[in-house]
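Here's the structure, in structure tokens; my notes come after.
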Amino acid sequence: MSGATSATLAARAGLVLGRNSHGAMVKPARGLYPHQWSWDTGFIAVALARVDTAMAEGSLESLFRGQWRTGMVPHIVFDPAAEGYFPDPERWACALHSSDAPSDPPTSGICQPPIHAVALTAILDSAADGASGAVDAAREWVTGFYPKVLAWHRFLARERVDPGSGLLRIFHGWESGMDNSPRWDAAYAEVPVHAALPPYQRRDLVHVAEPSERPSDAEYDKYLSLLEEFKEVGYDQAALVERCSFNVGDVFSTAIFALANDHLAELARRLGLPDAGELAGYGDAAREAVQRRMAPDTGATVDLDLRRGADLAGGTIAEFSALLAGGLPARLQRGLTARLLGPEWAGHPALRWPVPPSTSPLSAAFRSRSYWRGPVWPVMTWLLASALDRAGDEDAAGTLRRATLAQLGDRSFGEYYEPLTGEPLGSRDHSWTAAVVLDWLCR
Ligand code: 9WN
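So the sequence shown is residues 381 to 823, counted in our numbering.
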């Protein structure tokens, strides 16, 4: 990619993030997602740290305004002025059912993978490359913000680590960030549609031309039935462990927890803050839990259904969780990287661009246009490329980065992409797709 093309692409990405902002909130997309999402904000803040520290800090502050008294960072912080998304604050009714939830801003009652500590590192590192004085300001900001992220990690360690497997448990596919991935099909098969499910109208289909690119109505019935289960127990985590009909150990979220704890422990050391040992302990335990879920022959990880003690489906991008968690012996690292770039994944000959789709084209569950069942999500490629970089494999990381940038070249920043044709799908001008471009091009 020429310097001029890169500059144009970076400028377009910056414009998308600016246009998707409302005050300090950077929203995923203007039509389909008019509120603030948790893990999107983490990725977005990493990129913003490279170009506008105040905006990066402001977006994290805005998200954490919705933090619950328990420390949980909710998966959505609602913009009360925005309409057009369902389930809305009234349907979640968090503050009505739980005294731990804030009422202003209104939030959802579940969480998403805890990527945020990575953004704190980016803020500190980017400041070190900038003007003198910037470092002191960034250190001061990160030091002030750190207790909130610490409380978030402690919530997960206390309430969400399954003592048997060591995996982070989730109570809804939305908590994984990969809503309708085949990973969750077997677990959702056991979720009953709630006997008194209040009627509802989906709003997402208004914004997406082709309904088959989104989860189905039957899937939505289950997504909303789980909300009724949550409200029945007042969003109480211990009660959900006992009663929730969806209760799975998520290898991918566990890997992100390992990564985020590594970052937060390192920040604590750099800033001379306490708790580095505690955080490193959470990180090591999460990494070991992920590694215990690796298939001995391939290194591929699978999720665990905690209600039934059964393995869940493989063949999805979550197979590479051990790469994200890091710390693999060299032989396993090489094998898993070869698998990622090989014919079962990014190297499959039918793919338009050599980047990993959300489900392997060889899997019986692969659907090229259906949300998390096949399309390519550039933000996932960014996560895996960053993991390869951290492990010192610049060649493999560069391969994924170049292919993604070439794919995005002169196209819109799609929410996801059809892997066989390369066309953008879902919402257009999506923030986290713009964010990964900005991060790569501004390094
Ligand atoms: C439900 C915002 C979010 C992402 C998720 C993605 C999608 C929401 C939806 O959009 O989920 O949380 O309505 O489909 O699956 O990963 O955070 O971009």
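Glycine included, each C-beta is placed from N, C-alpha and C at the ideal position.
Could you give the residue range of the beta strand (DSSP E) that holds residue i?
i: V628; result: V628 to D630
i: L548; result: L548 to I550
If I follow the unbroken alpha helix (DSSP H) through residue i, where does it start and stop?
i: I503; result: H496 to A508
i: I490; result: Careful: I490 lies outside any alpha helix (DSSP H) and carries neither H nor E.
i: L659; result: A656 to R672
i: L742; result: L742 -> no alpha helix (DSSP H), and no H or E assigned at all.
i: R782; result: E774 to L788
i: L721; result: A710 to L721
i: R534; result: A514 to F535
i: F444; result: T433 to F444
i: C538; result: Before going further, note that residue 538 is Arg rather than Cys in the sequence given. Careful: R538 lies outside any alpha helix (DSSP H) and carries neither H nor E.
i: E699; result: Per DSSP, E699 belongs to no alpha helix (DSSP H) and is neither H nor E.
i: C624; result: Per DSSP, C624 belongs to no alpha helix (DSSP H) and is neither H nor E.
i: G553; result: G553 to S556
i: L820; result: The displayed chain sequence assigns Trp, not Leu, to residue 820. First-last of the alpha helix (DSSP H) with W820: S811 to C822.
i: R732; result: Note, R732: premise wrong, no alpha helix (DSSP H); not H, not E.
Given 7 Å as the limit, tell me if residue i has its C-beta closer than that to any heavy atom belonging to ligand 1.
i: M558; result: yes
i: Q492; result: yes
i: D584; result: yes
i: H415; result: no
i: W521; result: no
i: D509; result: no
i: P737; result: no
i: H455; result: yes
i: D597; result: no
i: W762; result: no
i: D484; result: no
i: W554; result: yes
i: P408; result: yes
i: W564; result: no
i: D420; result: yes
Pull up the DSSP beta-bridge partners for residue i, would you.
i: V406; result: S401
i: Y615; result: Answer by DSSP bridge pairing: none, since Y615 is not bridged.
i: W417; result: I456
i: V756; result: Y797
i: P690; result: According to the sequence as given, residue 690 is Ala; it is not Pro. A690 is bridged to D685.
i: P804; result: Y797
i: T634; result: T634 pairs with nothing; no bridge assigned.
Just to confirm, does residue i get its C-beta within under 7 Å of one of the non-hydrogen atoms of ligand 2?
i: E599; result: Because ligand 2 does not appear in the structure shown, any question about it cannot be addressed here, the ligands present being ligand 1.
Is the CB of residue i under 8 Å away from at least one CB in chain B?
i: H587; result: No chain B is part of this structure, which consists of one protein chain only.
Closer than 8 Å is the cut-off here; do at least three beta carbon pairs connect the segment 689-706 with the segment 740-754?
yes
Is the number of C-beta pairs between the segment 493-508 and the segment 413-424 that are closer than 8 Å three or more?
yes
So, does the segment 748-762 touch the segment 787-803, judging by three or more C-beta pairs under 8 Å?
yes
Using 8 Å as the cut-off, can you tell me whether the segment 567-576 makes contact with the segment 635-644, which would need three or more C-beta pairs spanning the two stretches below that distance?
no
Would you check if there are 3 or more beta carbon pairs closer than 8 Å linking the segment 667-681 to the segment 536-552?
yes
Quick one: any contact between the segment 555-569 and the segment 592-605, if contact means 3 or more CB pairs under 8 Å?
yes
Please confirm if the segment 662-669 is in contact with the segment 712-727, defined as three or more CB-CB distances below 8 Å between the two stretches.
no
Are at least three pairs of beta-carbons, each pair with one atom in the segment 391-402 and one in the segment 805-819, less than 8 Å apart?
yes
For the segment 446-466 and the segment 524-538, state whether three or more C-beta atom pairs, one from each stretch, are separated by less than 8 Å.
yes
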